[in-house]
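Heads up: the sequence lines are chains A and B, in that order. Residue numbers for the first sequence follow the numbering used here, beginning at 1 and rising by one. Residue numbers for the second sequence follow the numbering used here, beginning at 155 and rising by one. Every residue, glycine too, gets a C-beta built ideally from N, C-alpha and C. Quick notes on the structure that follows.
There are 2 protein chains.
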Amino acid sequence: MTIETTKVDRENLLYRLGFLTRRWRQVLDSAFQSLGVTDAAWRPLLHLHHMGDGIRQKDLAASLGIEGPTLTRILDQLIVKRLIDRSEDASDRRAKLLALSPQGRAMVTQITAKVATLEHDLLSEFSDLEIDQMTLFVERLEKRLQETRSRLKG
Amino acid sequence: MTIETTKVDRENLLYRLGFLTRRWRQVLDSAFQSLGVTDAAWRPLLHLHHMGDGIRQKDLAASLGIEGPTLTRILDQLIVKRLIDRSEDASDRRAKLLALSPQGRAMVTQITAKVATLEHDLLSEFSDLEIDQMTLFVERLEKRLQETRSRLKG
DNA sequence: GAAAAATAGATAGCATACTATCTATTATAT
DNA sequence: ATATAATAGATAGTATGCTATCTATTTTTC
């Protein structure tokens, strides 16, 4: 009697995550093309909306998990498009304060709806339990990666 | 009586995968700096080793899941470093055939060992069951993303 | 209170992904 | 047989991540 086993290729787990990320980015880029914002550009909008107006660039960058220079460039685009306002901080003249413009707020509404639909659609075939497991797994792996990284650097 | 529940933020699952990928790439870049190859460069070496000498660029690109132009540029580097040989295909003069050089083979040995160690270390706190679940999840998600992508494009 | 260190942000340069397009070939169709 | 289509690979241009470094401030230290 032969037992059918699902062959899982464990070797490639981390590798495949990269794949997944690229595909997800491509999907988002296609979906948002009509709105005129790219994957990298809409995230700052949502995070700014979530954190509230008046935050500093460095805090937004930290929230996004990207470095300052990366955010600077993306903000430049968003400011040209009048979606975000960047103003001086009177109490600390090194800093800049960020706020959503009215157009930015309207864009956030559109984006939120679209992302929710896409994510819901993509995850619809998975059970809540599976999604929870996956999310926890990702969190743990993330921590472990950060440890490993600082170990290699230090 | 209050029940302690683990708060899982499902909203961010796909977003966090991007995070994870960046971190993993950073870890690999740090680890391979001494070998003189980057994250993007060692993968073609391993895939070529796995597929065997004499394959074409387009097949290697497909195996890696990247586009032709991206591979072309990475191959340029690997050929300059004498890790890969690129020769003409006599039967089809459009095509180029790829093969590992002796140095390339030696590099593959080093890389294989290093990647295995890193992955094993990173996944050591997870059970086999968890890793299998995760891998299957990633596979399913990948398929679903591909469907969604072609739907959006077509 | 002046010198040194830390912080916020910008700029420059590199790596790697993409798409669009070019050249050179090979395959197909009329 | 020739014209068209398809394929392999290269090149060019764009986007987004990084690190290193610069300026302008603020904070800390002595």
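In the displayed model, D132 of chain A falls within a helix according to three-state DSSP.
In the DSSP assignment, I74 of chain A falls within the alpha helix (DSSP H) that extends over G68 to V80. Using a Cβ-Cβ cut-off of 8 Å, D275 of chain B is close to T148 of chain A, given in chain order.
With a cutoff of 9 Å on beta-carbon distance, E284 of chain B and Q146 of chain A are scored as not near each other.
Near chain A, meaning a CB-to-CB distance below 8 Å, the residues of the stretch 193 to 226 of chain B are R197 and G219.
L199 of chain B carries a helical assignment under DSSP once its states are collapsed to helix, strand and coil. Between L251 of chain B and L136 of chain A, the alpha-carbon positions lie close to 44 Å from each other. Taking a cut-off of 8 Å on C-beta distances, the stretch 213 to 228 of chain B does not touch the stretch 266 to 280 of chain B, as fewer than three cross pairs fall below it. Contact residues of the stretch 12 to 42 of chain A toward chain B are L13, L14, R16, L17, G18, F19, L20, T21, R23, W24, Q26, V27, S30 and A31 (C-beta to C-beta distance below 7 Å). Shown in chain order are the members of the stretch 126 to 148 of chain A whose Cβ falls below 9 Å from a Cβ of chain B: F126, D128, E130, I131, D132, Q133, M134, T135, L136, F137, V138, E139, R140, L141, E142, R144, L145, Q146 and T148. Shown here, L100 of chain A sits in a strand according to DSSP, grouped into three states.
When DSSP states are grouped into helix, strand and coil, S91 of chain A belongs to the coil group.
Sorting A:E142, A:A31 and A:M107 by C-alpha distance to the C-alpha of L48 of chain A places A:M107 at the top. Contact between the stretch 52 to 62 of chain A and the stretch 86 to 100 of chain A is present: three or more C-beta pairs spanning the two stretches fall below 8 Å. Distance from the CA of N12 of chain A to the CA of R227 of chain B, rounded to the nearest whole angstrom, comes to 24 Å.
In the three-state reduction of the DSSP assignment, D85 of chain A falls in the strand class, which pools E and B.
No Cβ-Cβ contact shorter than 9 Å links F280 of chain B with E142 of chain A. When C-alpha distances from A267 of chain B are compared across B:R177, B:L182 and B:Y169, the shortest belongs to B:L182.
Residue environment: G104 of chain A is assigned as buried (16 or more neighbouring CB atoms within 10 Å of its CB, all protein chains considered). A:Q77 is the residue among A:Q77, A:A62, A:R151 and A:S150 whose C-alpha sits nearest the C-alpha of W42 of chain A. Note: I265 of chain B is not bridge-paired with any residue in the DSSP secondary-structure output. Residue burial annotation: L189 of chain B is exposed, with fewer than 16 other C-beta atoms found within 10 angstroms of its C-beta.
Contact annotation: V292 of chain B and L17 of chain A have beta-carbon atoms nearer than 9 Å.
If you draw a 10 Å sphere on the C-beta of T175 of chain B, you find 16 or more other C-beta atoms in it, and that means buried.
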